[in-house]
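According to this note's numbering, the sequence shown is numbered sequentially starting from 48.
Report on the following structure.
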Amino acid sequence: MGENISVIIQARLGSTRMPKKVLLPFYGQSTILDLIIDKIKCIQIPLVVATTTNPQDNLIEEFCRDRQVDCFRGSEADVLSRFIECAKAIQATGVIRICSDNPFLDEESLSDLVRRASEETCDYMSYDVAGTPSIKTHFGFWSEFVTLSAMESVARLTQEKLYHEHVTNYIYTHPEHFSIQWIPVPQEIAVRKDIRLTIDTEVDFQNASRLYAAMKEEGKRMNAESVLIYLDEHPEYKATMIREISKNSK
């Protein structure tokens, strides 16, 4: 209890499958990064976009400057190091880690995670999807909380590339070293194997963009429950998702 919590959005343009995806128009003229930032601002928690020192990511820094959002630049290869140094720079002892390719980030779940992390004491907190950490699923609804001290422990305990690239993977796969709390996802959502709203490919981007626009135009709420109901009523979106899930492992 008592952590100084900030949101860190992980963003870079070096995706080999879909470069610049986070800065392309996704809904109207809004990018995915715009939509995520707007959701975070609604819950009134400090935020920073953590990108790399690669010159191509100058565009992300310019994007942040235009929107008066703080930007931190660090290692491209060692994402763990980037997060540690970013947390130190903004004097955060705990961070909510958000990936910039999740336009359907559930604002209600994000707010709940911030509240829980503020009230409870643990090294790591996130959502349990039928026994799988939410970060390892295709849903794209949820984020995760981790303390600076836990990330620093990972940096001391291992130099393995996997754990320095994926930041929190070592923590939830080595629970003997850390205090971990899981928030269960409702069973009716957790059992779903046909939902993919994280954006890795151009097919993902186009399918999710059409879905987002359709739901907005019909005045639908953009939380996880409403999205799933809408998808069940419009199976054409799910058909594309199922194909992409089979091609892209998590």
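Heads up, the beta-carbon is just placed ideally off N, CA and C, and yes, glycines get one too.
Computed from a predicted structure; not experimentally measured.
On a CA-only basis, which of the options is nearest residue i? Give me that one, please.
i           : options            : result
residue 297 : 257, 275, 213, 265 : 213
residue 228 : 193, 284, 217      : 193
residue 84  : 71, 105, 124, 56   : 56
residue 286 : 273, 243, 271      : 243
residue 162 : 180, 142, 146      : 142
residue 187 : 123, 199, 288, 114 : 288
residue 51  : 58, 222, 136       : 136
residue 174 : 67, 69, 271        : 271
residue 280 : 207, 294, 261      : 261
residue 146 : 215, 112, 202, 267 : 215
residue 54  : 75, 117, 76, 78    : 117
Hey, would you say residue i sits closer than 8 angstroms to residue j, going by beta carbons?
i           : j           : result
residue 276 : residue 148 : no
residue 107 : residue 71  : no
residue 14  : residue 130 : Summary: the structure shown does not reach residue 14, with the chain confined to residues 48 through 297, and so no result is reported for it.
residue 256 : residue 110 : no
Which class does residue i belong to by DSSP, given the choice of helix, strand or coil?
i           : result
residue 48  : Residue confidence for residue 48 is low, a pLDDT of 48 falling below 50, so the modelled location carries little weight and cannot support an answer.
residue 214 : coil
residue 142 : strand
residue 167 : coil
residue 77  : strand
residue 175 : strand
residue 181 : helix
residue 226 : coil
residue 252 : helix
Report, in whole angstroms, the separation of the C-beta atoms of residue i and residue j, which I expect to be a contact under 8 angstroms.
i           : j           : result
residue 250 : residue 291 : 6 angstroms
residue 119 : residue 139 : With a Cβ gap of about 11 angstroms, residue 119 and residue 139 do not count as contacting.
residue 126 : residue 221 : In fact, because the Cβ distance is near 18 angstroms, the residues do not count as touching under 8 angstroms.
Taking 8 angstroms as the cut-off, does the stretch 150 to 167 touch the stretch 235 to 243 (at least 3 CB pairs, one atom from each stretch)?
no
Does the stretch 153 to 173 come within contact of the stretch 97 to 105, defined as at least 3 CB pairs closer than 8 angstroms?
no
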